[in-house]
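First up is the structure itself, then whatever we jot down about it.
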Amino acid sequence: MKKTIMHKLSIMKSKRVVLLQTALVIGVCSISMGAVSTAAQVLSLETAVGAAQANDPWLVENRYSQDAVEARSISEGVMPEPRFSAGLANFPTDTFDIDQEPMTQITFGVTQTIPRGDTLRIRREQLRTMGRQYPFQRLDRQANTVVTVSRLWLEAYKAQQSIALIEKDRSLFIQLADIAEAGYSATLGRARQQDIVRAQLELTRLDDRLTVLKQKQEMALEELSEWVSGYFREEYLGSPSDGRQGRPNLELPRDLPDIPMLNEPLYTGEREADPQVLYGYFIEHPAVQAIKRKIEANNLGIDLARERYKPLWGVSAVYGYRDDPPSGDRADFISFGVSFDLPILTKNRPEQELQSAVSEAEAVKTQKWSLIRKMIAGFEKNKTQLRRLKQRQQLYQKQLLPQVHEQSEAYLTAYTNYDGDFAEVVRARIAELNAQLDALDIDVEMEKTIINLNYYFMKSAEDILVRNQER
5 MKKTIMHKLS IMKSKRVVLL QTALVIGVCS ISMGAVSTAA QVLSLETAVG AAQANDPWLV
65 ENRYSQDAVE ARSISEGVMP EPRFSAGLAN FPTDTFDIDQ EPMTQITFGV TQTIPRGDTL
125 RIRREQLRTM GRQYPFQRLD RQANTVVTVS RLWLEAYKAQ QSIALIEKDR SLFIQLADIA
185 EAGYSATLGR ARQQDIVRAQ LELTRLDDRL TVLKQKQEMA LEELSEWVSG YFREEYLGSP
245 SDGRQGRPNL ELPRDLPDIP MLNEPLYTGE READPQVLYG YFIEHPAVQA IKRKIEANNL
305 GIDLARERYK PLWGVSAVYG YRDDPPSGDR ADFISFGVSF DLPILTKNRP EQELQSAVSE
365 AEAVKTQKWS LIRKMIAGFE KNKTQLRRLK QRQQLYQKQL LPQVHEQSEA YLTAYTNYDG
425 DFAEVVRARI AELNAQLDAL DIDVEMEKTI INLNYYFMKS AEDILVRNQE R
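Take the sequence shown: its position 54, counted from the start at 1, is 58 in this note's numbering, and no numbers get skipped.
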């Protein structure tokens with residue numbers, strides 16, 4: 005009898021080992037099997053960013069705004085149109101005869117207004133300068149698009165990979181639950197009813213985490229679709245005759261993109277970077293360059309306000325035709341005139357206009373310095389975050405992940421040899437899963453931080469993801 009019981013325990017032990025080993029194999033293969041999907045469309049980070057930039061209506065609007073300002077610079081830089089007039093002067097009302105009175109005339113006149121001082125040239129140059137800010141605005145918009153779309157893409161990537169990690173461990177928990185239930189039913193092993201309940205509870209918690217992660221993934225993809233909807237329509241949905249409708253089933257690559265860092269030596273130092281060095285970089289940033297063009301335009305606005313002190317001139321010429329009477333000839337008349345304005349009732353207006361122009365220019369200069377200060381502070385913040393993330397990444401890769409894996413394997417081996425507790429096996433597996441999820445979060449946050457730092461040093465939007473120039 006004793007030999008029979010020992011034989012049954014040995015069989016159960018070997019079955020338990022086989023089942024656990026099978027669960028591990030299934031868990032490892034689940035990600036790769038789930039990644040192969042014939043219906044899913046793979047959307048890389050570069051493709052998402054390129055599609056977002058190509059389908060950004062803001063860039064089109066900005067281009068039209070530039071065209072409008074450039075057109076105004078031409079139209080407002082020319083002399084006002086001359087004004088022509090025609091009329092009757094000293095026309096008799098008793099006979100309505102044009103040759104009755106010697107002063108009766110048919111007049112034709114032309115009047116030309118001459119703008120104040122150098123107003124036309126300054127106004128034309130001011131509008132041209134305003135138009136030069138729009139290309140820099142588009143560069144900054146494209147760069148911000150890269151940052152925004154990359155953040156959404158990385159959020160969706162983190163959710164996708166987290167789902168894969170949890171699904172890998174979920175298969176193991178299913179096997180553990182089956183083994184605990186089998187051991188409890190046989191009443192031969194050390195399995196207890198609480199082990200079954202614990203295994204089922206952890207499965208339920210994993211299902212809840214999967215639901216939350218799928219929600220995050222779907223929300224990130226929906227936000228991403230706002231930026232790349234044109235790419236969906238052309239590349240995936242096709243024409244209406246294809247019969248394909250709705251957003252396609254998107255899947256992101258399994259590997260994080262390798263994003264190089266611009267000006268990497270500035271990130272490696274423990275001390276804060278020299279503000280003068282950072283200023284030399286940030287002053288060339290498209291966002292700052294756009295404000296500089298606005299400052300130049302406002303400085304020209306000050307010059308334009310000073311021209312308000314100069315008079316507005318006008319010249320006129322009038323030709324008066326007189327009909328000849330029966331008794332002889334009458335000479336025609338021609339008149340010339342000059343006019344200018346006197347600031348009697350509005351003597352304070354030029355001063356107020358000049359003060360307004362000066363205040364506007366100073367306000368824009370303040371925007372420039374505020375932006376540079378914000379960029380320096382943002383750089384230092386992201387630099388510190390990147391340094392700490394690197395430290396955590398090394399800690400996880402070299403120590404924490406290997407340690408929690410060894411712990412998990414040790415508890416699993418002890419349990420299969422009837423020398424461990426089921427709760428410890430579960431806790432060890434959860435600790436390993438959480439460590440893997442934390443490591444994934446660190447990797448993704450590092451990519452976000454690198455992208456944020458590259459934004460400060462880019463000269464074109466392509467520099468943020470791809471190094472194509474030497475700094």
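Note that beta-carbon positions come from the ideal geometry of N, C-alpha and C, so glycine has one too.
Sheet register partners of residue i (DSSP bridge)
i	result
V255	It is Glu, not Val, that sits at residue 255 in the sequence shown. Bridge partners of E255: V46.
F344	W317
L92	I110
R87	T115
G324	T111 and F337
Proximity winner among the options, relative to residue i (alpha-carbon distances)
i	options	result
Y313	P106, Q356 and E276	Q356
L3	W157, Q440 and P269	Residue 3 lies beyond the residue range present for the chain, which begins at 5 and ends at 475; the question has no answer from this structure.
V322	L176, F88 and L217	F88
K369	Y400, Q293 and Q104	Q293
T111	N421, D122 and A93	A93
P290	A465, P84 and P330	A465
D327	M107, V319 and R120	M107
L63	A55, T51, Q109 and R145	R145
I295	Y325, R275 and Q371	Q371
A277	S79, P61 and F383	F383
P61	S233, D262 and A381	S233
D479	D199, E85 and P329	Any question about residue 479 goes unanswered here, given that the chain covers just 5 to 475.
L176	E159, L49 and S412	S412
Q403	A432, K387, E50 and A439	A439
W231	G54, L416, R202 and T453	G54
Integer Cβ distance of residue i from residue j, believed to fall under 8 Å
i	j	result
L390	L457	7 Å
W476	I118	This structure cannot settle anything about residue 476, because the visible part of the chain is limited to 5 through 475.
G341	S320	4 Å
L266	M462	7 Å
E436	H409	6 Å
Y283	I178	Wrong, their Cβ atoms sit about 59 Å apart, outside the cutoff.
D345	I126	That belief does not hold up - the Cβ atoms of D345 and I126 are roughly 19 Å apart, past 8 Å.
A56	T149	5 Å
P86	V114	5 Å
I468	Y459	6 Å
L254	Q45	6 Å
C-beta neighbour in chain D for residue i, strict 8 Å
i	result
R128	The structure shown contains no chain D; it holds only a single protein chain.
Checklist entry - Any chance the segment 360-371 sits against the segment 293-306, with 3 or more Cβ pairs inside 8 Å? => result They touch, by the three-pair rule.
Checklist entry - Do the segment 127-147 and the segment 54-70 touch if we need at least three Cβ pairs shorter than 8 Å? => result Segments in contact, yes.
Checklist entry - Counting Cβ pairs, one atom from each stretch, are 3 or more of them under 8 Å apart for the segment 206-219 and the segment 129-139? => result When C-beta atoms of the segment 206-219 are compared with those of the segment 129-139, fewer than three pairs fall below 8 Å, so the two segments do not count as touching.
Checklist entry - Is there contact here, the segment 213-231 with the segment 153-169, by at least three beta-carbon pairs under 8 Å? => result With a cut-off of 8 Å, the segment 153-169 and the segment 213-231 count as touching, because enough Cβ pairs lie within range.
Checklist entry - Per the contact definition of three or more C-beta pairs closer than 8 Å, is the segment 122-132 in contact with the segment 74-85? => result Yes: the two stretches touch, three or more of their Cβ pairs being nearer than 8 Å.
Checklist entry - At which residue ranges does the segment 404-432 contain complete alpha helix (DSSP H) runs of 4 or more residues, listed in the order of the chain? => result Segments of the alpha helix (DSSP H) lying fully in the segment 404-432: 405-420.
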